[in-house]
Structures are given as structure tokens and as C-alpha cells.
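Anchor point for the sequence shown: position 203 equals 202 in numbering that gives the first Met the number 0, and the numbering is continuous, going up by one each time.
Just so it is clear, CB atoms sit at the ideal spot from N, CA and C, and this is done for glycine as well.
All figures in this text were calculated on a predicted structure; none of them were measured in a lab.
Everything on this sheet refers to the single structure shown next.
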Amino acid sequence: MTDSSRILISGAGLRCADVVRVARRSAWPKLAPDALTRAEQSYELAVELGAKGAVYGRTTGVGANRHIVVDPDGADLHGLRLLRSHAGGTGAPLPDDAVRAVMAVRLNQLAAAGSGVHPRLLRALEQALRVGALPLVHTRGAIGTGDLTALAEIALTLAGELPWESGGIDPVAISPGDALAFISSNAATLAEAVLAWHDLSRLLAASHVVTALTFCALGGSAEAYDERVHASRPHPGAVRCAAELRRLLTSGGDLPPGRRLQDPFGLRAFPQVQGPALEAAAHVEQVLEVDINAAAENPLIDTETRQAFHHGQFSTAPVALAFDYLRAALHHTAELSAARLSDLVEPDLSGLPPFLAEGPAGSSGVMILEYVAHDALGTLRHAASPVTLGTAVISRGLEDHASFSTHAVRSTVAATAAYRTVLACELLGAVRALRISGTELPDTPLRHAFALASAGLPHVAEDHPLSTEIQQAERLLDRLAVL
């Protein structure tokens, strides 16, 4: 029987969902025995190659110091000096779940056996995750060419030179050559990226449910979601989105007719706009799953050819570009959510009082939701700006390109938070409209979604502050996503 609470770490086959489970403590990593064997072979080869000739970061300095040979008599301290000098991160600490994700990703990458680190570092990471020991990792210090500061902080904590933020394990020795081999990775950026992808994917799933609720409140025309329509232009994301809406809007047979010949774009063009976001999220997952299973350390210690290959695998341009595209696609999806909210408060479309007000004449109802949604949409618009248009020239001109993937990921986190607010405002409007109209929902998961939302959101007829309800709606979205 497979133990679902354990994620096997072998350097291959780790999924983004596995990293999320370790990060959020629903599973724990366990090293595959052969991973340690292969790591031992890689370590022994790295020592052998370093004794025969120059190996970057092992027998030399790093960056513009690449041609400076390290005194063999001081090699034991070279690694510690490198870690100490690179542990210069600053800014806010990474959240605990992100730190666990960093450790899980780095453990799996090291298990791919291309770094040449001593196997004791793999065992230390596994033990720290198992007992809940967390190092302090700062957020600022990466530009998409290696998370040197974050990983140096983790390495120095494992070595006992920095204090544990919580818990702890016995210090481990840093072997000569371990330093660069350990920090030559984008594991911190990838860890944050996996969590960002997961959280945004959940919101995109919730978008189908919220849109379907709005569709019912507005008496939408389901012709736009017909299978025949999307077979005629079969973009995968749009096909998937339309299928989700059909699943939510009918329990079988023909889709319900609508009140209008054609609906506003917020309903009619939803699959065409949501579809690219779904495709972008799927592409991000594919990119991340390549990198979290990659032996991308520079140099690569290759046991098959018994060589050290110096390369540029530290570049994370694929990650940065994928997230830039994802945020751009998300902005389009968020615009439609704000548009549907405007449709809900328009009597000509809803057949309900202006702003869904239920009080005396002149009551404002949910008027303020449009302001809140468009404020959040403005934040999302700024966060959607591409980061990949920037670059950096550092280390005395040797390192003359940067992807800024770290910033692409963090902009996505900001965009996701903003979209959560936009979608929550639409959810509030849709639930209120359905309550006022008494519309009967189809016998599909949508009926359960409405019951869930109704139970979690109070129905207060008279004008009142909506802040608490917006926050409640934001929290409900993750529950709606699984429907």
C-alpha cells in the first residue's frame, strides 16, 4: 500500500502538486535510496575532477573571480567563505510554506545527482523537513540567475553558522566544493513559483463557478458554450472552459435558453478569454516541473561521461516568460469579471433594482463593489506589466543578462491577490442577485456552490458596510474551486 503522506524524492517525477503538499504540510519527503547512491557517486567524481584540474567554484573563485585559483591548503575554508559572502539577503522573511517548498525543491534537484554535493546535505534537508526545522530565508537578493542569497542562508543554517528560525537539527559539515554546488540553483524562485501557480490555478477554477452563478442571475444564453461552437475553433483552453460551464449549467440534455439573443461579452466571450489563462497556467506547470526535477547546477558533474560541464542552465528565462504571459492572460480574465459585476447591477440586464438595492428609494445596495473591484483590477494591471524587458550587468560585466524570474513570480502573487478581490466582488453580486430573484438553479454542482456561498455570506437587505463580506467571499473561492 502506498503511503500518501510521503513524497518520494528521487530527482525525477516530482510534481508541482507534490511540492505544494510538502510546503503546506499534508505530506513529507522521503529520499529514494538510489538517490543517495547516485549523489555519492557524483560527489566522489567532483572530488576527483577537482584534484585533476580547474572546476568552477570548487578550485576557483566565482563570478569575475572565475580564473583565480583557490589555494589547495585553504580549500576547506573556501566553501564557508563563499557561503558567508553570499548570505547577504534582506527584506521580509519568506513565509514558512515557501521555505518548506524551497527545501523540498532543492532536495529533489540535488537528488538528480548533478551537483557533486556531499550526500549528507541531502540527508540534512530531508531531516529538517521531517522534523519541521526551518531556516530564516530573506526575500530580496535574486534576479533570476541563481538564488544565491537564499540558498547560502539555508546552507549556513545547516552548517550551524546561522540560527534556525524554528526547530533545528544537528549541524552538518560543509565539504570543500559543497558551497557553490548547493547554492547554484533557482530553488527559491521555483518554490515561490509553484505556490503562486497553485493558488492562481485554484482561482481560475473558481472563476467557472462564479461565472456560472452570474450567468444564472442574468439569464444568460448558453449557445455561446455549445460544443459545436467550440469544435469550430478548438483552442484547448476555450474548449475546456466551455465544457466546464456546460457541466455546471445543465445536468444533461440541451442547455437552457437565455433572455437575450446575445449576451454581453462578460458571458458570451468568457471561454475565449478564460481559455488563454487556463493554457498559460498549464504551460507554467510544465515549465516548473522541468526545473524542479533538473540537475541545473553550474558546473554539471556528469557521472556518465565523468566530466564537469560549465554552462548557463542558471538562466530562468522560460520561467520568467511563462509567468509574464500568465499575468497578461489573467488581466483579461479579471476584466471580464469586473464587467459581469457591472452587468449584475444594471436593471436592463438583471431585471432587478439598480445596484441590487433592497432598501428605500435611493439605496446604494452593492454600488461600492464596482469601486473595490476596479481598484483591485488597477493593481492587477500594474502587476501584469512584463518584467522580462529589464536586464542587469553585474560581476564586473561578466554576467550581462538576467531574467528577473523572481520578480515575475512575485508580481504574479500580487496579481493573484488582486484577482481574488475582483472575483469575490462578483461572487457577492451574483449571490445577492440570485437571492433577490429567487432563480432556480440547475441540479448540478452549481446548486451546491450556491448553497455553500449562501451559508457563508450573510443576507442583509438594507445598506451596510460590505468589507467583511468581501473578505468572506475571498475565503470562499478556494472552496468553490473544488466543485
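Report the option in the options whose CA atom is closest to the CA atom of residue i.
i	options	result
I182	F269, L244 and L79	L79
R139	E160, L203 and A91	A91
L217	S466, I67 and V344	V344
P255	V272, A211, T58 and Q273	A211
I514	V171, R23 and G143	Residue 514 is absent from the structure shown; the chain starts at 0 and stops at 482.
Y224	P175, S184 and G274	G274
A187	L106, E243 and S114	L106
V116	L35, R23 and A382	L35
P263	Y55, S314, F214 and E284	F214
S453	P353, R201 and L479	L479
L475	L368, A450, D462 and I291	A450
E191	T438, A16 and V430	A16
S220	G257, Y55 and L445	G257
D374	V392, A414 and A360	A414
S174	Q108, R23 and V46	V46
T411	G87, A327 and L161	A327
V421	E43, S41, L202 and E226	L202
To the nearest angstrom, how far is it from the Cα of residue i to the Cα of residue j?
i	j	result
L320	T387	7 angstroms
F269	T332	8 angstroms
I168	G159	9 angstroms
A416	A423	11 angstroms
A204	V481	8 angstroms
V130	L440	48 angstroms
Y370	A337	10 angstroms
R37	L287	23 angstroms
G145	L155	17 angstroms
I142	V18	22 angstroms
W163	R83	16 angstroms
L157	Q271	49 angstroms
D253	E243	15 angstroms
I8	H458	49 angstroms
L445	G251	14 angstroms
L147	H197	25 angstroms
V208	L247	7 angstroms
H234	A281	13 angstroms
G455	Q470	11 angstroms
S402	T390	7 angstroms
DSSP three-state label for residue i, please.
i	result
P170	coil
F354	helix
P134	strand
S165	strand
V344	coil
D33	helix
F313	coil
I6	strand
D477	helix
G90	strand
L299	strand
P71	helix
P28	strand
R139	strand
A110	helix
A502	For the chain, the structure presents residues 0 to 482; residue 502 sits outside this window and is missing.
A372	helix
A307	strand
T332	helix
T387	coil
T58	coil
State the CB to CB distance for the pair residue i and residue j, rounded to an integer number of angstroms; the pair is presumed to be in contact (CB under 8 angstroms).
i	j	result
A149	A294	Going by Cβ atoms, the distance from A149 to A294 rounds to 19 angstroms, so no, they are not a contact pair.
A63	L397	5 angstroms
L355	G364	5 angstroms
K29	R5	5 angstroms
Y324	L379	Not really, about 15 angstroms apart at Cβ, beyond 8 angstroms.
T302	S404	No, T302 and S404 are not in contact; Cβ-Cβ is about 29 angstroms, not under 8 angstroms.
L81	V61	7 angstroms
E468	L427	6 angstroms
E425	R339	6 angstroms
Which full runs of the alpha helix (DSSP H) of 4+ residues lie inside the stretch 393-468, going along the chain?
404-436 and 444-455
Where are the alpha helix (DSSP H) runs, 4 residues long or more, that stay fully inside the stretch 229-290, in chain order?
235-248, 264-267 and 269-290
Considering only residues of the stretch 141-223, which uninterrupted alpha helix (DSSP H) runs meet the minimum length of 4 residues and lie entirely inside it, listed in chain order?
147-157, 177-182 and 186-217
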